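>
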Amino acid sequence: MKIRLENNFITDNSTECEAGCFFMRTDANAKFQPEASQKGAQIISITQAKELLKIDPRIKIVGITGTNGKTTTAAAIYSALLDLGFSCGLSGTRGAFINDERIDEKGLTTSSVLKTMSYLREASERGCEYFVMEVSSHAIAQNRTQGLKFALKIFTNLSQDHLDYHGNMQEYAAVKSSFFADDAPKLINADDGHIKFNPANALTYGIKNPASFGVSGYGLKGGIDALVRTPNGDNAQLQSELVGEFNLYNLLAAFGAIKILTAASDDRIAAALSGFGG
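Its first residue numbered 5, the sequence shown is counted upward by one per residue in the working numbering.
(1) Which word fits Ala204, buried or exposed, when buried means at least 16 other C-beta atoms lie within 10 angstroms of its C-beta?
(2) Return helix, strand or coil for Ser140, following the three-state DSSP convention.
(3) Mind checking which residues open and close the beta strand (DSSP E) that includes Arg29?
(4) Can you list, in chain order, the residues of its chain whose CB lies under 6 Å from that of Gln243, leaving out five sequence neighbours each side?
(5) What residue does the alpha helix (DSSP H) around Ser115 start on, and which one ends it?
(6) Restricting to Cα atoms, I'd like to know which of Ser269, Tyr253, Val219, Leu231 is closest to Ala78.
(7) Quick one: residues in its chain with C-beta nearer than 7 Å to the C-beta of Ser220, no 5 flanking neighbours on either side, listed in chain order?
(8) Quick check on this structure: which residue in Ser116, Val136, Met173, Thr160 has the alpha carbon closest to the alpha carbon of Gly151?
(9) Would you check if there are 3 or more beta carbon pairs closer than 8 Å linking the segment 111 to 131 to the segment 80 to 88?
(10) Could you tell me whether the segment 28 to 37 touches the segment 66 to 74, where touching means 3 or more Cβ pairs closer than 8 Å?
(11) DSSP puts Ile65 in a beta bridge; with which residues?
(12) Quick check: what's the CA-CA separation for Asp47 versus Phe201?
(13) Below 8 Å, can you find three or more Cβ-Cβ pairs linking the segment 170 to 186 to the segment 259 to 278?
(14) Quick check for students: name the residue ranges of the alpha helix (DSSP H) that lie wholly in the segment 204 to 276, counting only runs of 4 or more.
(15) If you follow the beta strand (DSSP E) that Leu9 is part of, which residue opens it and which one closes it?
(16) Could you tell me the boundaries of the alpha helix (DSSP H) in which Ser182 lies?
(17) Note down the Cα distance separating Ala188 from Ile158, rounded to an integer number of angstroms.
(18) In this structure, does DSSP put Asp108 in helix, strand or coil?
(19) Thinking C-beta only, is Gly218 closer than 9 Å to Tyr209?
(20) Leaving out five residues before and five after Phe154 in sequence, what residues of the same chain have Cβ atoms less than 8 Å from its Cβ?
(21) Please name the residue in Lys58, Asn17, Gly260, Ile50 whose C-alpha comes closest to that of Ala40.
(22) Among all the DSSP beta bridges, which residues are the ones paired with Cys92?
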């Protein structure tokens, strides 16, 4: 793809290169660098591309991965942040959005590095403080998050899926685990023990096992009614029209994420999530 600049463009595709353009080198396209150079392209790193695109380094990027729950959890965080008065972007299965406006149609769950850069460029131009994105196992394996600095990484769950690509559950779990190997802040489902993660800067959430963000009690009749327990021992009443225990997990992850990322009160976070319709 190409991203247009004032008098030039950036591409990650060597077939699009022409004299003077910028070819952004990634792990995925490094083997095509000679072709790009032969066509007269200027080879740049992801960091240099960010500078050319004037991507605001203050944007807090949130990445959510897991077999199920990525889309709902990402949308819940995005929706609640907007309701709390923050400017926010979102990319994932449903497309890309900035401040409640769709900027791109449905595509890959996790876009290419350069495509994500194009979203972050627009998010920067529109003053976004947060950018929430779904991160698929394919994207992790193909390093499509290369160059992104995450303010928070979230793990939802792992179940049998995508084995046509990963081969077996062990490899699938290993790929997911690799996303959480660094010391970035992370929020991990304490009730799903399938992955390994670096404990540095890690918090947990869960319903059954001890967790940083837990529930003191909950009901699922006609929706969700839960008393969320925070790391400092406070409680917040979370009510939602969403149904099922799986959605309680999604909302609990979203609650924990917003608590980690912002200074909003527990009650305001719970109220914002209560208004989320899925």
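Backbone N, C-alpha and C fix where the C-beta goes; we use that ideal spot for every residue, glycine too. None of these values were measured; they are calculated from a predicted model.
If we stick to the structure as given:
(1) For this step, residue 204 is matched to residue 200 along the sequence shown. Label assigned to Ala204: exposed.
(2) The residue given as residue 140 occupies position 136 in the sequence shown. DSSP places Ser140 in coil when its eight states are reduced to three.
(3) Walking along the sequence shown from the start, residue 29 turns up at place 25. Counting along the chain, Arg29 falls outside any beta strand (DSSP E), and DSSP gives it neither H nor E.
(4) By one-based count along the sequence shown, residue 243 stands at place 239. Answer for Gln243: Asp229, Ser278, listed in chain order.
(5) Counted from its first residue, the sequence shown places residue 115 at position 111. No alpha helix (DSSP H) holds Ser115; DSSP gives it neither H nor E.
(6) Within the sequence shown, the letter at position 74 stands for residue 78. Selected option, being the one with the closest Cα: Tyr253.
(7) The residue you call residue 220 lines up with position 216 of the sequence shown. Taken in chain order, the residues that qualify are Leu231, Arg233, Asn239.
(8) In the sequence shown, the residue the question calls residue 151 occupies position 147. Comparing Cα positions, the closest option is Ser116.
(9) no
(10) no
(11) By 1-based counting over the sequence shown, the position of residue 65 is 61. For Ile65, which the question treats as bridged, DSSP gives the partners Phe135, Phe154.
(12) Reading the sequence shown from its first residue, position 43 is the one you call residue 47. Reading the sequence shown from its first residue, position 197 is the one you call residue 201. A quick correction: the sequence has Ile, not Asp, at residue 47. When rounded, the distance between both Cα atoms is 34 Å.
(13) no
(14) 249 to 265
(15) Sequence index remark: in the sequence shown, residue 9 carries index 5 (1-based). Note, Leu9: premise wrong, no beta strand (DSSP E); not H, not E.
(16) Here the question's residue 182 lines up with position 178 in the sequence shown. Per DSSP, Ser182 belongs to the alpha helix (DSSP H) from 173 to 182.
(17) Residue 188 sits at position 184 when you count from the first residue of the sequence shown. Residue 158 sits at position 154 when you count from the first residue of the sequence shown. Roughly 10 Å separates the two Cα atoms.
(18) Counted from its first residue, the sequence shown places residue 108 at position 104. Three-state DSSP puts Asp108 in a strand.
(19) The residue you call residue 209 lines up with position 205 of the sequence shown. The residue you call residue 218 lines up with position 214 of the sequence shown. In contact: Tyr209 and Gly218 (Cβ atoms closer than 9 Å).
(20) Residue numbering aside, residue 154 sits at position 150 when the sequence shown is read from its first letter. Counting only Cβ-Cβ distances below 8 Å, and skipping sequence neighbours, we find Ile65, Val66, Gly67, Ala188, Pro189.
(21) Working through the sequence shown from its first residue, we reach residue 40 at position 36. Among Lys58, Asn17, Gly260, Ile50, the Cα nearest to that of Ala40 is on Asn17.
(22) Locating residue 92 in the sequence shown gives position 88, counting from the first residue. Cys92 pairs with Tyr134.
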